[in-house]
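Data first, discussion second: the structure below is written as structure tokens.
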Amino acid sequence: MNPAAAMADIVLGLSGGIDSAVAAKKLINEGYSVFGVYCVMHEHGKQGIEAAREVAKEVGIPFDVFDASDMFEQMVVSDFISKYSNGKTPNPCVTCNPNVKIRSLCEYADKIGAEKIATGHYSGIGHENGRYFAVKSEHKDQSYMLCGLSQEQLSRCVFPLFDTEKSENRLCAQDSGLSVANKKDSQEICFIPDNDHASYIEARTGKFPEGDYWLFEEDRAVGKHKGIINYTIGQTKKLGIALGVPLYVKEIDAEKNRVVLTKTDVVNCTEIVCDNANFQLLDENFTQTQAEVKIRYAHKGAKATVINEKNGRLRIIFEEPQRAVTSGQFAVAYDGKKLLCSGTII
């Protein structure tokens with residue numbers, strides 16, 4: 009073990025980007041003894057090692073690399089391919105955080121005897137009635153991405169960037185002379201650099217077959233789609249079909265290999281069911297509650313009743329119909345800034 013590791017009381021995930029670099033500076037200023045860890049999670053992951061190593065050198069903390077690629081393949085990539093192959097739309101970042109990123113940092117912290125772990129997420133941690141929960145940030149809120157974290161994981165997390173702005177953190181990096189100060193933000197899907205998820209999946213599974221575009225209003229085939237992994241609920245662009253009116257993806261029927269289209273925008277969902285429920289401020293024994301529910305990361309949230317059906321299932325009834333509710337995405341319930349619970353939309 010690196011002798012410096014025995015002195016560290018917090019393990020920081022260093023990504024080689026601005027946010028984690030500034031998080032390192034803030035933690036040091038707050039008096040933490042910090043140990044930086046870069047997690048390699050996929051074939052493109054090694055590209056950031058040297059940038060992270062340089063940041064660790066610049067801020068004066070010890071540094072190590074943790075290989076989490078097998079874990080990432082099993083927990084994130086396999087889930088990503090499976091969901092798309094079955095007509096669903098996953099969010100790999102939400103899946104990664106509890107199952108790979110935060111888990112890896114906790115494992116490394118255990119190895120060196122550190123109590124806490126930290127990342128550059130824009131979120132906070134709350135604690136009430138014996139429960140830990142993620143808290144919305146005022147600016148670039150990423151609490152949604154942390155909805156799957158367990159109580160044990162949350163109890164160990166520190167998020168130094170809570171209620172800071174990206175612009176001020178970039179200035180902080182510049183003022184501190186950090187080599188990553190002008191680095192661009194990372195792409196949406198870290199393990200698919202060109203963001204072409206369909207090509208990525210087909211390189212691993214083989215070509216997905218064409219199937220019928222099915223027009224809902226007329227209950228008939230109106231053309232051919234190029235494989236169900238290319239579509240998501242609510243999509244209206246890049247459909248490659250023209251019927252003289254706007255068209256929207258209403259449903260993806262993997263069993264029949266159909267992409268169901270409709271002439272009416274899909275603002276029609278008032279009730280959803282979720283599985284794999286995770287409980288943060290609310291525990292698994294709550295019956296029902298009123299909440300603001302986000303059905304995707306960019307969703308502004310909508311008023312709803314959240315009913316705990318037990319056995320890991322939630323039923324969510326919205327006050328007003330919601331657009332493009334998508335199987336495979338996460339529904340996350342809040343009370344103000346406090347994250348209550350979440351589940352995977354069925």
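Counting from 1, position 42 in the sequence shown corresponds to residue 50 in the numbering used here; the numbering is continuous, with no gaps. Ideal placement from N, C-alpha and C gives every residue a C-beta, glycine not left out.
Specify, as a first and last residue, the run of the alpha helix (DSSP H) that residue i falls within.
| i | result |
| --- | --- |
| L162 | 159-164 |
| T352 | Unbroken run through T352 is the beta strand (DSSP E), 346-353; no alpha helix (DSSP H). |
| T103 | 100-104 |
| T297 | Looking at the DSSP string, T297 is not in any alpha helix (DSSP H); the run it does join, the beta strand (DSSP E), is 296-302. |
| F80 | 77-80 |
| V63 | 57-67 |
| L113 | 110-120 |
| N190 | Taken as a continuous stretch (DSSP letters only), N190 belongs to no alpha helix (DSSP H), as it is neither H nor E. |
| V30 | 26-37 |
Is the beta carbon of residue j closer than 8 Å to that of residue i?
| i | j | result |
| --- | --- | --- |
| N107 | V73 | no |
| Q161 | C104 | no |
| I18 | A126 | yes |
| I237 | S93 | yes |
| A59 | V230 | no |
| M79 | S112 | yes |
| K191 | I26 | yes |
| I325 | T278 | yes |
| H129 | F167 | yes |
| A76 | C47 | yes |
In whole angstroms, what separates the C-alpha of residue i from that of residue j?
| i | j | result |
| --- | --- | --- |
| T334 | H147 | 26 Å |
| L348 | Q288 | 5 Å |
| A262 | V268 | 11 Å |
| K346 | N177 | 24 Å |
| V301 | S350 | 9 Å |
| C101 | S23 | 14 Å |
| E210 | E173 | 38 Å |
| Y305 | D149 | 10 Å |
| Q82 | D343 | 33 Å |
| Q330 | G185 | 46 Å |
| C165 | L157 | 10 Å |
| D202 | V30 | 27 Å |
| L251 | V45 | 53 Å |
| G39 | I200 | 37 Å |
| P11 | A64 | Residue placement at P11 cannot be trusted, given a pLDDT of 49 that sits under 50; what the coordinates show is reported in the next sentence. C-alpha separation (whole angstroms): 16 Å. |
| A142 | K264 | 40 Å |
| I260 | V253 | 20 Å |
| Q296 | R321 | 12 Å |
| V42 | S28 | 12 Å |
| S163 | S90 | 31 Å |
| A181 | A117 | 26 Å |
| E66 | I120 | 22 Å |
| G21 | I197 | 18 Å |
| L223 | L255 | 9 Å |
| K234 | Y140 | 45 Å |
Please name the residue or residues paired with residue i in a DSSP beta bridge.
| i | result |
| --- | --- |
| L322 | C282, N316 |
| Y221 | G231, V267 |
| Q6 | Limits of the chain in this structure are 9 at one end and 354 at the other, which puts residue 6 out of reach. |
| F338 | T352 |
| G95 | None, per the DSSP bridge assignment. |
| A310 | V301 |
| D330 | Rather than Asp, the amino acid found at residue 330 in this sequence is Gln. For Q330, which the question treats as bridged, DSSP gives the partners C277. |
| F71 | G44 |
| D291 | Answer by DSSP bridge pairing: none, since D291 is not bridged. |
| D343 | K346 |
Along the chain, where does the beta strand (DSSP E) that runs through residue i open and close?
| i | result |
| --- | --- |
| F141 | 139-143 |
| L20 | 18-21 |
| I133 | 132-136 |
| E259 | 256-261 |
| I125 | 124-126 |
| Y152 | Y152 -> no beta strand (DSSP E), and no H or E assigned at all. |
| C47 | 42-48 |
Can you have a look at residue i and say buried or exposed, based on whether 16 or more other CB atoms are within 10 angstroms of its CB?
| i | result |
| --- | --- |
| K308 | exposed |
| H52 | exposed |
| I249 | exposed |
| I110 | buried |
| L8 | No information on residue 8 is available, as it lies outside the stretch 9 to 354 that the chain covers here. |
| H135 | exposed |
| V275 | exposed |
| L179 | exposed |
| I353 | buried |
| P98 | buried |
| Q337 | buried |
| G138 | exposed |
| N319 | exposed |
| G95 | buried |
| Q298 | exposed |
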